[in-house]
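> Starting off with a structure, shown below.
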Amino acid sequence: MIGYLARRIAQSVLVVFVVSVVVFLMLHRLPGGPRSMLGKTATPAQVAQLTRQLGLNKPLPVQYGKWVSNLLHGDWGFSITHNQSVTSLIGERLPKTLLLTTVSLAIAVLLAIVLGLLQAMRRNRFIDYLMTFISFVFYATPTFFLGLILVLLLAVQVPVFPSSAPQSNSIAGLVAHSNGLVLPITTLVLVSLALFSRYVRSSAIDQLTEDYARTARAKGASEARVLFRHVLRNVLIPVITLLGLSLPWVFSGALVVESVFNYPGMGLLFWQAATAHDYPILLSVTLVVSVATVVGSLLADLAYAVLDPRVRYS
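Residue 107 in UniProt numbering sits at position 107 of the sequence shown, with consecutive numbering throughout.
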């Protein structure tokens with residue numbers, strides 16, 4: 001197990017390094033540069049000064065080495081757009097994104113487990129077809145369109161919830177105005193519910209036909225006992241995979257939803273940085289997402305051994 005962890009950690013470090021190099025080179029090849037960051041009214045002297053300040057006049061290997069060195073010392077750059085260090089910006093936005101995405105993910109997974117198991121027990125019946133139809137409608141609907149529909153119905157036609165998310169600088173302030181979080185969370189839950197529920201349904205149907213399930217029925221166990229006592233643990237294995245792959249989304253934020261509802265999280269920060277050519281923010285957020293990706297994959301692999309004793313890493 002220790003050897004497996006060591007190899008996976010080494011692979012993860014290599015992946016993060018390659019991703020950082022590729023993203024660094026790609027971002028520096030984009031048009032715009034300092035002039036886009038300063039605006040069209042910037043003078044050549046101001047552009048040259050900012051170019052020197054950011055070190056963009058040096059060779060790319062030197063720039064990359066300087067950026068990595070600063071990262072290791074806790075300096076993630078400075079955002080001219082926000083007039084604030086990138087470290088403090090991420091420190092402000094990341095907890096808000098974790099609140100939004102974690103709550104949405106938890107609700108979506110819990111609902112998906114219930115619906116998926118119900119569909120497996122009632123497979124090929126009316127309730128199964130109805131839930132499949134509804135879930136696929138939400139899954140096929142573009143996220144921004146679903147968010148706008150919810151705003152139109154529940155914020156304009158029937159003003160139950162506000163059309164935009166709360167703008168507090170603290171988690172306590174966001175929770176205090178939790179009615180403003182209902183529509184963003186509902187949008188994220190609806191668009192991700194079908195993905196999880198279909199995996200749960202398919203896995204449950206497969207497990208119900210296994211020998212151990214038939215043996216439990218032969219011993220007199222009810223269908224509900226077979227499902228929740230014997231099958232549920234194995235059903236959760238594909239869900240663990242999806243949760244591991246969802247970790248980057250949890251840390252990076254739901255860009256579309258945060259933009260639609262003006263939610264001050266990582267997704268909105270990345271969108272604003274992309275439109276303003278704010279390279280320090282783009283690089284830092286991409287690095288956070290790449291680290292979350294490899295960590296999520298590693299945690300998913302380790303969770304297999306907990307849920308399925310047959311899995312052993314050597």
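Yeah, the Cβ is synthetic: ideal placement off N, Cα and C, and Gly gets one too.
None of the values given here were measured: they were computed from a predicted structure.
Are the segment 38-56 and the segment 86-94 in contact at 8 Å, needing three or more beta carbon pairs?
The segment 38-56 vs the segment 86-94: no contact.
> Which whole runs of the alpha helix (DSSP H) in the segment 226-277 are 4 residues long or more, in chain order?
If we require 4 residues or more, the alpha helix (DSSP H) runs fully inside the segment 226-277 come out as 232-252, 255-260 and 266-276.
> Distance, Cα to Cα, residue 261 vs residue 182?
Sequence index remark: in the sequence shown, residue 261 carries index 261 (1-based). Sequence index remark: in the sequence shown, residue 182 carries index 182 (1-based). So the two alpha carbons sit approximately 11 Å from each other.
> Report back the beta-carbon spacing between residue 15 and residue 294 to the nearest angstrom; my notes put them in contact at under 8 Å.
Against the sequence shown, residue 15 aligns to sequence position 15. Against the sequence shown, residue 294 aligns to sequence position 294. Right, their Cβ atoms sit about 5 Å apart.
> Which class does residue 161 belong to by DSSP, given the choice of helix, strand or coil?
Within the sequence shown, residue 161 is the residue found at index 161, counting from 1. Residue 161: coil per DSSP, three-state reduction.
> Flag this pair as touching only if the segment 99-119 and the segment 183-200 have three or more C-beta atom pairs under 8 Å; answer yes or no.
Yes: the two stretches touch, three or more of their Cβ pairs being nearer than 8 Å.
> Taking the alpha helix (DSSP H) that residue 90 belongs to, which residues open and close that run?
Reading the sequence shown from its first residue, position 90 is the one you call residue 90. First-last of the alpha helix (DSSP H) with residue 90: 86-121.
> Let's see if you can read the secondary structure: which residues bound the alpha helix (DSSP H) around residue 50?
Sequence index remark: in the sequence shown, residue 50 carries index 50 (1-based). Unbroken alpha helix (DSSP H) run through residue 50: 44-54.
> With residue 143 as the anchor, note down where its alpha helix (DSSP H) starts and where it stops.
Position 143 of the sequence shown, counting from 1, holds the residue named residue 143. Looking at the DSSP string, the run of the alpha helix (DSSP H) that includes residue 143 is 143-151.
> Could you give the residue range of the alpha helix (DSSP H) that holds residue 11?
Along the sequence shown, one-based indexing puts residue 11 at 11. Segment 2-28, the alpha helix (DSSP H) holding residue 11.
> Determine the burial state of residue 152: buried for a count of at least 16 other Cβ atoms within 10 Å of its Cβ, exposed for fewer.
Translated into positions along the sequence shown, residue 152 becomes position 152. Residue 152 should be labelled exposed.
> What's the call for residue 41, buried or exposed, on a 16-neighbour Cβ count within 10 Å?
Stepping through the sequence shown from its first residue, residue 41 is reached at position 41. Exposed: under 16 other Cβ atoms inside 10 Å.
> How about residue 197 and residue 112: do their beta carbons lie closer than 8 Å?
Translated into positions along the sequence shown, residue 197 becomes position 197. Translated into positions along the sequence shown, residue 112 becomes position 112. Yes, they are a contact pair.
> Going by CA-CA distance only, name the one from 275, 254 and 67 that's closest to residue 144.
Residue mapping note: residue 144 aligns to position 144 of the sequence shown, counting from 1. Considering only alpha carbons, the answer is 254.
> For the segment 276-296 and the segment 75-83, state whether three or more C-beta atom pairs, one from each stretch, are separated by less than 8 Å.
Judged by Cβ distances under 8 Å, the segment 276-296 makes contact with the segment 75-83, as three or more pairs qualify.
> What are the start and end residues of the alpha helix (DSSP H) that includes residue 207?
As a position in the sequence shown, residue 207 is number 207, starting the count at 1. Looking at the DSSP string, the run of the alpha helix (DSSP H) that includes residue 207 is 182-208.
> Can you find at least 3 beta carbon pairs, one from the segment 231-251 and one from the segment 202-219, that sit closer than 8 Å?
Flag = yes, the segment 231-251 and the segment 202-219 touch.
> Name, in chain order, the residues that DSSP records as bridge partners for residue 79.
Position 79 of the sequence shown, counted from the first residue, corresponds to residue 79. The partner list for residue 79 (beta bridge, DSSP) reads 84.
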